[in-house]
């Protein structure tokens with residue numbers, strides 16, 4: 001695949017459905033105007049254009065679909081995402097991409113795969129999860145550890161519980177704290193995500209972990225992952241930076257001398273552990 | 001070796017001839033005393049032949065400070081702006097600035113090409129001019145033509161030696177023949193830049209001087225004004241903005257100069273900042289300028305023009321790090 005041009009024209013798309021997940025987060029299903037499949041690897045991202053607002057980098061939350069649809073899980077955060085949240089079904093959007101490298105899914109074959117998601121970090125990992133479930137027999141085991149701030153903001157909970165019920169996925173959920181309403185959440189631990197890793201032991205040569213979440217998550221889970229036995233080469237971190245152009249020119253997203261947008265956004269821990277400010 | 005010579009008294013005619021290739025722009029002084037690249041309307045009048053450096057480098061012709069990169073309309077979606085770039089002859093570009101343009105060419109016409117940049121670049125004819133270095137600058141070669149000079153004028157007594165490094169320049173030179181004479185005058189000897197060889201060493205070895213006390217000293221003084229980046233011939237990092245029209249039917253997407261010394265440069269959605277301190281932002285600038293990012297890792301971006309050393313209001317000079325490195329090695 002040839003490298004993308006710097007200033008390529010976004011592919012037109014429309015909003016097909018909007019499903020509100022929490023007070024500030026919705027799942028937008030897009031339909032590309034040309035109805036063609038938009039191939040990407042889980043963990044890659046697109047630049048989503050909201051006309052009049054601008055672009056924002058977002059990793060799709062599902063798998064490439066034959067009919068040219070795509071699911072984006074977006075929190076209302078800044079200028080562009082606020083405008084997106086004001087949009088209605090049928091409104092026009094644009095897409096550039098896919099951009100970046102994505103998760104090395106082929107390397108996960110035969111392994112115990114651990115997915116660690118914090119907050120909105122579940123979105124790209126949902127894409128990876130769907131991929132691994134589709135190719136479930138290729139890997140040894142599949143575990144998703146997902147932490148949210150409180151029960152009310154846990155995304156895709158029912159869907160994840162349904163998937164876990166099929167037996168192909170081991171699901172561990174945790175919340176930082178319980179809601180003020182005091183409503184108890186069954187099957188949900190209370191505590192930060194790293195607490196789920198306490199006491200876990202994995203076979204180094206047979207395990208890998210994919211992590212996505214807010215910046216603090218990486219700093220507090222790496223040591224636990226290493227102690228659990230996952231090698232630094234097999235810890236894949238999906239990092240966030242302010243990616244503007246998405247193709248390694250605008251220079252907002254450098255990590256050391258690497259660019260998050262085109263050398264990443266998925267990095268092996270071993271490759272970035274010595275770069276100041278990477279995590 | 002026989003060379004082309006342009007006598008001082010033929011320069012006016014020479015400039016007139018150049019206008020067939022586009023509007024003539026060159027170094028000139030504004031009414032408030034700032035040296036800039038701007039239109040040269042009255043031939044040799046107003047042209048600064050012995051300038052040191054302009055405040056803003058010629059990058060402004062290739063990557064305008066603010067540029068529309070996409071148009072949006074509900075009927076047509078996003079489209080690339082059309083229309084040709086203005087044909088320009090940039091006269092009097094010093095070797096450092098020619099090197100700067102060469103660096104920008106590598107960024108914007110490399111493996112992630114930018115159509116807009118190419119459109120502007122192809123419309124520009126570069127006429128270089130040798131320079132007399134001062135205390136601020138340290139370019140690799142103030143008297144030698146970089147390879148991208150369509151024509152290069154080297155100051156000698158009573159005129160200029162004229163050479164070319166491009167095929168376009170060869171065609172131009174043929175047309176300018178009547179204004180030129182042959183001379184056996186020897187070109188000035190090459191100048192060695194110790195600082196430039198230090199920069200090249202640092203780019204190769206990847207040294208970052210992490211323990212230098214200078215970082216704290218720089219960070220404590222810096223005003224985050226960003227002047228060093230604005231005036232740098234190879235600083236190109238840009239922000240992308242979109243302005244929607246009030247009718248909600250059309251919008252323009254803009255690219256505009258950004259600045260890694262600004263606090264917002266490392267912010268992400270939600271407010272987390274990956275470079276919240278001035279020290280971290282200096283490191284970022286240092287890495288990009290002297291070690292290089294991405295495909296240009298290992299290529300120093302500093303061309304030694306001296307602008308950042310001259311304009312910094314608090315006399316920050318990143319090259320002091322290299323001098324310190326020498327002491328450590330000694």
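Residue numbers (the numbering used here), protein chains in the order written: chain S, 1 to 279; chain D, 1 to 330.
The beta-carbon is built from N, C-alpha and C at its ideal position, and this holds for glycine as well.
These numbers come from a predicted model, not from an experiment.
Query	Result
Run through chain S and tell me which residues come within less than 9 Å of residue 241 of chain D, C-beta to C-beta.	54
With DSSP collapsed to three states, give me the class of residue 85 of chain D.	coil
Out of D/37, D/18 and D/20, point me to the one whose CA is closest to residue 28 of chain D's CA.	D/37
Among the candidates D/118, D/88 and D/148, whose CA atom is the shortest distance from the CA of residue 124 of chain D?	D/88
Can you pull out the residues from the stretch 288 to 303 of chain D whose beta carbon lies closer than 8 Å to at least one beta carbon of chain S?	288, 291, 292, 293, 294, 295 and 297
Going by DSSP in three states, residue 10 of chain D sits in which element: helix, strand or coil?	helix
Between D/280, D/169, D/65 and D/197, which lies nearest to residue 275 of chain S when the distance is taken from Cα to Cα?	D/280
From D/317, D/4 and D/217, pick the residue whose C-alpha is nearest to that of residue 227 of chain D; which is it?	D/317
Taking only three categories from DSSP, how would you classify residue 17 of chain D?	helix
Hey, how far is the Cα of residue 315 of chain D from the Cα of residue 217 of chain D?	11 Å
What are the residues that DSSP puts in a beta bridge with residue 31 of chain S?	S/14 and S/69
Short of 7 Å in beta carbon distance, which residues of its chain neighbour residue 97 of chain D, apart from the five on each side in sequence? Order them along the chain.	57, 58, 233 and 305
Could you pull out every unbroken beta strand (DSSP E) segment of at least 3 residues lying fully inside the stretch 170 to 214 of chain S, listed in chain order?	170 to 175 and 207 to 212
I'd like to know if residue 338 of chain D contacts chain S, where contact means its C-beta is closer than 7 Å to some C-beta of that chain.	In this structure chain D extends from 1 to 330, so residue 338 of chain D is not present and cannot be described.
Mapping the DSSP letters down to three states, classify residue 66 of chain D as helix, strand or coil.	strand
Our contact map puts residue 69 of chain D next to residue 253 of chain D with C-beta atoms below 8 Å; I'd like the distance itself, whole angstroms only.	5 Å
Who are the neighbours of residue 244 of chain S on chain D, taking C-beta pairs under 7 Å?	239 and 240
What's the call for residue 330 of chain D, buried or exposed, on a 16-neighbour Cβ count within 10 Å?	Because the pLDDT at residue 330 of chain D is just 31, under 50, the model does not fix this residue reliably, and the point stays unresolved.
What number of angstroms, rounded off, separates the C-alpha of residue 101 of chain D from the C-alpha of residue 269 of chain D?	33 Å
Based on DSSP bridge pairs, tell me the residues matched to residue 252 of chain D.	D/71 and D/243
From residue 161 of chain S to residue 171 of chain S, what does the alpha carbon distance come to, in whole angstroms?	8 Å
Measure the alpha-carbon distance for residue 267 of chain D versus residue 168 of chain S and round it to whole angstroms.	39 Å
Exposed or buried, residue 114 of chain D, counting other C-beta atoms within 10 Å across all chains shown (16 or more means buried)?	buried
Evaluate residue 177 of chain S with the Cβ neighbour count: other Cβ atoms within 10 Å of its Cβ, from every protein chain shown; 16 or more gives buried, anything less gives exposed.	exposed
Out of curiosity, what's the CA-to-CA distance linking residue 44 of chain S and residue 65 of chain S?	15 Å
Buried or exposed for residue 111 of chain S, going by 16 or more other Cβ atoms inside 10 Å?	buried
Would residue 194 of chain S and residue 224 of chain S be called neighbours here (beta carbons separated by less than 7 Å)?	yes
Mind checking which residues open and close the alpha helix (DSSP H) that includes residue 196 of chain D?	194 to 205
Where does residue 9 of chain S fall in DSSP's three states?	coil
In angstroms with no decimal places, state the Cα-to-Cα distance between residue 90 of chain D and residue 60 of chain D.	12 Å
For residue 48 of chain S, which beta-bridge partners are listed by DSSP?	S/56 and S/95
How about residue 259 of chain S: is its C-beta nearer than 7 Å to some C-beta of chain D?	yes
Which residues in the same chain have their Cβ closer than 8 Å to the Cβ of residue 192 of chain S, if we skip the five residues on either side of it in sequence?	147, 174, 176 and 220
Using only alpha-carbon positions, find the residue among S/155, S/237, S/121 and S/116 that is nearest to residue 144 of chain S.	S/116
CB-CB under 7 Å to residue 239 of chain D, same chain, minus the five flanking residues each way: which ones, in chain order?	256 and 258
Residue 211 of chain S: buried (16+ other C-beta within 10 angstroms of its C-beta) or exposed?	buried
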